[in-house]
């Protein structure tokens, strides 16, 4: 476990003063104190230096512009596309099937992410501090995990529903109903809320700075050993377990489709050349007679 390094408050105050004045010796001082690897402090000091010169402004926009374009396009396309899916599924009775209910639930998760989480990420591009308060620090971080888990679970549920419907088409008419799909979606959302709770205990609203007090929404440094465990947990919940289930489900679907195509090919061959079917029957009859010891006169 990595121990946190204690820094004299007077040293931090001196560094903050140099940062506010955009002192040219600030970086040399940081190297001298061996604080280059202290990411939180480096970000904090960088944010204190006012960027008034044209060169610094151009450099800032060169760094921010690519992310700004990506986030903006994701927001616009995500909101429009997912909103159309939700309206189509719930606005037209013809579209309201069990599969489309899972699809609409997935679209709702993506729509919420676009409407709530992406604007926050856009705001963070222009600020090195958290200005949304303690509650939003916990809530938005928790919501991001909930929506990611919900998307993974909805995709998993959709794959299992499709697998059952294709392998057992007659039973699926009574099993894969809209009512059961709605109950399954509600259960998956509740499960997502429960599975995402660990992040609430390791994300903190942290006060930093001496000259100017600001807040960060960041990992709890005092529980550094918990973050690797949490990342492994999230990897299993969002990627590993759903990925295995979906791979098995769609693998069974592919196997069923291959079997059906093979049977259709055999039937087509019999219809095209009936002699193949007659020859096969004659061969089977001869084998049966040979086994019984019959003689053909």
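Residue numbers (UniProt numbering): 1 to 297.
Here a beta-carbon is modelled for each residue, glycine too, at the ideal position from N, C-alpha and C.
Check each candidate in the options and name the one with the smallest Cα separation from residue i.
{"i": "residue 167", "options": "134, 214, 251", "result": "251"}
{"i": "residue 160", "options": "185, 260, 148, 139", "result": "185"}
{"i": "residue 237", "options": "261, 11, 146, 141", "result": "146"}
{"i": "residue 107", "options": "84, 96, 117, 120", "result": "84"}
{"i": "residue 157", "options": "171, 144, 265, 180", "result": "180"}
{"i": "residue 102", "options": "193, 189, 206", "result": "189"}
{"i": "residue 224", "options": "204, 235, 17, 241", "result": "204"}
{"i": "residue 68", "options": "92, 18, 104, 120", "result": "120"}
{"i": "residue 257", "options": "116, 86, 96, 163", "result": "163"}
{"i": "residue 151", "options": "208, 249, 213, 104", "result": "104"}
{"i": "residue 133", "options": "17, 64, 218, 90", "result": "218"}
{"i": "residue 117", "options": "126, 193, 141", "result": "141"}
{"i": "residue 253", "options": "82, 169, 95", "result": "169"}
{"i": "residue 226", "options": "216, 199, 126", "result": "199"}
Taking the alpha-carbon positions, what's the residue i to residue j distance?
{"i": "residue 88", "j": "residue 79", "result": "14 Å"}
{"i": "residue 245", "j": "residue 149", "result": "14 Å"}
{"i": "residue 9", "j": "residue 61", "result": "33 Å"}
{"i": "residue 183", "j": "residue 13", "result": "57 Å"}
{"i": "residue 197", "j": "residue 191", "result": "10 Å"}
{"i": "residue 268", "j": "residue 262", "result": "10 Å"}
{"i": "residue 153", "j": "residue 144", "result": "14 Å"}
{"i": "residue 296", "j": "residue 260", "result": "Only weak support exists for where residue 296 lies, its pLDDT of 45 falling under 50; the coordinates are left without a value."}
{"i": "residue 386", "j": "residue 114", "result": "In the structure displayed, the chain extends from 1 to 297; residue 386 sits before or after that span and is not available."}
{"i": "residue 73", "j": "residue 171", "result": "43 Å"}
{"i": "residue 174", "j": "residue 92", "result": "22 Å"}
{"i": "residue 136", "j": "residue 15", "result": "30 Å"}
{"i": "residue 71", "j": "residue 221", "result": "29 Å"}
{"i": "residue 97", "j": "residue 165", "result": "12 Å"}
{"i": "residue 11", "j": "residue 232", "result": "37 Å"}
{"i": "residue 228", "j": "residue 100", "result": "36 Å"}
{"i": "residue 128", "j": "residue 213", "result": "12 Å"}
{"i": "residue 55", "j": "residue 76", "result": "In this predicted model, residue 55 has a pLDDT of only 48, less than 50, meaning its place in the structure is not dependable enough to derive any value."}
{"i": "residue 63", "j": "residue 155", "result": "35 Å"}
{"i": "residue 187", "j": "residue 139", "result": "21 Å"}
{"i": "residue 195", "j": "residue 235", "result": "12 Å"}
{"i": "residue 239", "j": "residue 230", "result": "14 Å"}
{"i": "residue 17", "j": "residue 125", "result": "24 Å"}
{"i": "residue 255", "j": "residue 215", "result": "55 Å"}
{"i": "residue 86", "j": "residue 208", "result": "43 Å"}
{"i": "residue 193", "j": "residue 206", "result": "25 Å"}
{"i": "residue 95", "j": "residue 112", "result": "22 Å"}
{"i": "residue 176", "j": "residue 266", "result": "31 Å"}
State buried or exposed for residue i, treating a residue as buried only when at least 16 other CB atoms are found within 10 Å of its CB.
{"i": "residue 123", "result": "exposed"}
{"i": "residue 52", "result": "With a pLDDT of only 41 at residue 52, under 50, the local geometry of the prediction cannot be trusted, and no value is derived from it."}
{"i": "residue 242", "result": "buried"}
{"i": "residue 178", "result": "exposed"}
{"i": "residue 130", "result": "buried"}
{"i": "residue 110", "result": "buried"}
{"i": "residue 247", "result": "exposed"}
{"i": "residue 249", "result": "buried"}
{"i": "residue 201", "result": "exposed"}
{"i": "residue 82", "result": "buried"}
Give a single yes or no on whether residue i has its beta carbon closer than 6 Å to a heavy atom of the ligand ATP.
{"i": "residue 223", "result": "This structure does not include the ligand ATP; it has no bound ligands of any sort."}
**Report entry** beta strand (DSSP E) segments (min. 3 residues) lying fully within the stretch 178 to 245
**Finding:** 203 to 208, 214 to 219
Query - Completely contained alpha helix (DSSP H) runs for the stretch 86 to 168, where each covers 4 or more residues - result: 98 to 112, 118 to 124, 133 to 167
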